[in-house]
Amino acid sequence: MKVQGLVALITGGASGFGKGFAEALLQKGARAVSLVDISDGKNVVDEFSNKFGPDRIMYHKADVTSDSDMENAFEKTMQSFRQLDVVCNNAGIGKEFPDWKTVIDINLTAVLRGTFLAKKYMDKKTGGKGGLVINVSSVAGLVYLPVAPVYCASKHGVIGFSRSLSMPGAAAAFSPDNIRINVVCPSFADTSFYEKSGSHLTPEQLKAYKNSAPMVPVSEVVAAYMRLVEEDLHGEAIRITRESGIDFYNFKEQPVSDPRKMVFSD
């Protein structure tokens with residue numbers, strides 16, 4: 003996909019990976035970015051307006067767990083730009099107990115919501131032009147994380163959902179020639195998210211946690227996002243770690259499921 007002229011909607015777009023991705027798109031000639039975030043967004047709007055022009059930035063102060071907020075963000079994006087090419091479900095939190103329901107709502111349920119809204123507006127069979135969905139998971143979605151079991155579960159869910167949609171037998175809209183869908187699995191990076199994610203830990207646990215998870219540069223994570231845009235990939239999980247840089251996770255191959263032959267035990 004050519005970056006030049008595209009329109010992207012990015013949740014969690016006011017800071018961290020989301021902001022970095024938006025800036026990279028604009029620098030490479032994207033027509034506009036539509037940012038969704040729970041914060042007021044004044045700083046990022048002012049910064050991007052000065053750098054790229056106010057007509058290339060749209061901002062929605064919205065809650066990704068709200069059906070109406072998200073529907074409104076998609077509708078306003080389409081009304082303003084008459085196109086939508088990339089949806090990046092990037093918003094996330096790292097809390098644990100007692101806020102575990104909020105973690106699931108933001109990290110997993112909101113990703114499903116954003117993906118289905120992307121289908122509504124981008125599916126070629128319903129008047130869209132196809133496009134790309136990028137769902138943000140984590141390396142925690144590929145391993146086990148004893149200090150953050152709820153966060154880990156939410157990120158495993160993002161991978162399972164996204165990979166399932168990319169496979170034959172899933173919704174026909176998600177395919178290489180209609181809506182591509184991929185997952186980003188970053189290690190921890192030097193963003194405000196990192197500090198907030200350790201709020202349930204003691205200082206000693208947080209220090210040990212940081213030492214066990216070497217951080218990656220935000221710029222490298224953004225580069226991985228951009229590869230998913232430009233390389234026309236589908237059904238991939240791109241991983242970013244200090245040890246290996248940017249690479250693709252090799253999932254164990256499984257046979258294509260035939261629902262008619264599936265047997266469920268009681």
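All residue numbers for the sequence shown refer to my numbering, where the first residue is 3 and numbers rise by one.
Heads up, the beta-carbon is just placed ideally off N, CA and C, and yes, glycines get one too.
Fill in: Own chain, CB closer than 6 Å to Trp102, minus 5 neighbours either side, in chain order
Val152
Worksheet item: Which two residues bound the contiguous beta strand (DSSP E) that contains Leu11?
Response: 9-13
Worksheet item: Skipping 5 residues on each side, what residues in its chain have a beta carbon closer than 6 Å to that of Val224?
Response: Gly22, Phe23, Ala26
Worksheet item: Can you name, in chain order, every residue of its own chain whose Cβ lies under 6 Å from the Cβ of Asn109, other than the five neighbours on each side?
Response: Gly94, Ser156
Worksheet item: If you run the structure through DSSP and keep just helix, strand and coil, what is Val160?
Response: helix
Worksheet item: Applying the criterion that 16 or more other CB atoms from any shown protein chain within 10 Å of the CB defines a buried residue, is Ser140 buried or exposed?
Response: buried
Worksheet item: So Val185 packs on Val160, CB below 8 Å; how close in whole Å?
Response: 6 Å
Worksheet item: Comparing alpha-carbon positions, which option in Arg58, Lys53, Thr13, Asn52 lies nearest Gln6?
Response: Arg58
Worksheet item: Is Glu222 near Ile242, with beta carbons less than 8 Å apart?
Response: yes
Worksheet item: Would you call the CB atoms of Leu11 and Val38 closer than 8 Å?
Response: yes
Discussion item. Quick test of the definition: if touching needs 3 or more C-beta pairs under 8 Å, does the region 125-142 touch the region 63-83?
Written reply: no
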